[in-house]
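Step one of this worksheet: look at the structure below.
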Ligand SMILES: NC(=O)c1ccc[n+]([C@@H]2O[C@H](COP(=O)([O-])OP(=O)(O)OC[C@H]3O[C@@H](n4cnc5c(N)ncnc54)[C@H](OP(=O)(O)O)[C@@H]3O)[C@@H](O)[C@H]2O)c1
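Residue numbers (my numbering): 1 to 506.
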């Protein structure tokens, strides 16, 4: 468990962090309460919100899953989860107050009337905790379980209070299934009540991308095809599939990361300034980028699968040797692609994206590579010493922003080297960053959908992914094609080399 560093009262940059928004009374129902996400992310996030007094006083949680458990067993399990995963120290008084509002219902939505106990429990919470009929339903269940829960809960909507629904990713498996899911959900819930989660959007650095671009006058004039040579977005993981073979065999890297996180990062990087920061203004601009993106042909998409190798000196098995994975699996664990956003700002500017498992390190970055200075009036040792400027946004870890600039090496002559002007979140604000789920759950309690994905956005993302994977049905790739602990298949390097470029060094 990591603790938030002590907050320094003298730090002037902290002004504004103390601004609080207050959420209304509410009962949060977590479907999938016995699962991994609930324990690793959701309950620790609720604890951290309680730690900072950000939850409403009239608040309750109903955990729902098929596994039998009593209320007390549920509280005990969630307490352990907080101790193991919360970013804040464990304070019994904070936990006890939060856990007092916890209830658990074991039920199966596959059975007729399976929701009845949940509905009764929610009415009891309204009485006991004053949750005022306001409902937040969090679907932390596998995609196949979503429909039955939406239909059952949708039929029991109360006229009292508001109802909101958080749906975890993956939202569907392809465009058709996503459209179907949207239709089912919209039978019972209005679009303004649906919060499709992509937890990347809850990350501070992702939001900072918007601040960087639109709150600083200096970047926007050069944020276009005239000054930007290309953009590279990397979502690298050093982990393998962590025992989640059943899920990963179905999803692969393209559905797990490209369809949601990567395309969202492209949209945020490429979007036009919204007229304000309201949910619809921001999402309208992102959708325009997704619509303007032209479908990458097979030559512009590379896929890979890791074989055995070494991560930080430790031997790790190949994907096909992971428990639960078919020995001849063709699931991709790596994808790279070259995308174009066909609009006035970005025409002919490539956006190279890549993601993979078992890469040498965990890192998510957005690199805006600017064009070279047109004419250096100095004698330079080599082309290499005068590199183009790069604005690098570190989404995780070491959240921050860094600008690579050429500088003179002290001493005689005009030797130039690249140096970095760095801004590190932890250093500047001297405060621990909130977990994405804290921000997103709180936004949902407040009814702010800006950082959630709208139906049309999700469908545009699937349309791009469907087109990327369509040619894959026709060929058999020669997998595995990269060793664990390397930066992906050779074809990924060739994708850029053909354009006279290379992936950013790490
Ligand atoms: N774990 C993560 O870090 C993560 C990150 C992003 C998104 N997600 C998404 O979040 C969802 C949950 O993931 P997870 O990792 O927590 O999965 P998990 O550990 O397998 O948990 C699934 C939960 O859903 C319940 N469940 C399974 N089948 C059900 C059914 N037919 N009806 C009702 N409940 C059912 C399970 O409880 P019972 O078996 O007791 O019913 C369990 O509580 C998935 O959609 C996943 O893609 C997870």
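For glycine and all other residues, C-beta sits at the position ideal for the given N, C-alpha and C. Quantities reported herein were computed from a predicted structural model and do not represent experimental measurements.
Within the chosen limit of 8 Å, ligand 1 does not reach the beta carbon of residue 194 with any heavy atom.
Taken in chain order, the complete alpha helix (DSSP H) segments of 4 residues or longer contained in the stretch 222-293 are 245-253, 263-270 and 279-292.
If you compare the alpha carbons of 432, 78 and 116 with that of residue 96, the shortest gap goes to 78. Taking 9 Å as the cut-off, the Cβ atoms of residue 334 and residue 493 do not count as close. Within 8 Å of the C-beta of residue 168 there is at least one heavy atom belonging to ligand 1. The three-state reading of DSSP puts residue 304 in strand, counting E and B together.
Restricting attention to 354, 267 and 299, the CA atom closest to the CA of residue 343 is found in 267.
Excluding sequence positions up to five before and after residue 439, its CB lies within less than 6 Å of the CB of 202, all in the same chain and listed in chain order. Here residue 308 is near residue 317, since their CB atoms are less than 9 Å apart. Residue 323 sits close to residue 243, with the two beta carbons spaced by under 9 Å.
For residue 31, the enclosing beta strand (DSSP E) begins and ends at 26-31. Note on the stretch 425-461: whole alpha helix (DSSP H) runs with a minimum of 4 residues are 425-429 and 436-446, in chain order. Each residue's CA atom was taken as its position, placing residue 359 and residue 370 some 26 Å apart. Nearest C-alpha to residue 69 among 159, 56, 443 and 104: 104.
At a threshold of 8 Å, residue 41 counts as near ligand 1, since its beta carbon sits closer than that to one of the ligand's heavy atoms. Less than 9 Å divides the Cβ of residue 189 from the Cβ of residue 163.
In the three-state reduction of the DSSP assignment, residue 82 falls in the helix class. Beta-carbon to beta-carbon, residue 122 and residue 46 are separated by about 17 Å, too far to satisfy the 8 Å threshold. Under the three-pair Cβ rule at 8 Å, the stretch 127-138 counts as touching the stretch 25-39. Out of 312, 310 and 305, the CA that lies nearest to the CA of residue 320 is found in 305. Taking C-beta atoms under 8 Å as the contact rule, residue 152 and residue 114 qualify, at a distance of about 7 Å.
Within the same chain, Cβ atoms closer than 8 Å to the Cβ of residue 269 are found at 209, 231, 233, 351, 366 and 368, the five residues on either side in sequence being excluded. Listed as beta-bridge partners of residue 338 by DSSP are 352. Inter-segment contact for the stretch 409-425 and the stretch 28-40 is absent: fewer than three beta-carbon pairs are separated by less than 8 Å.
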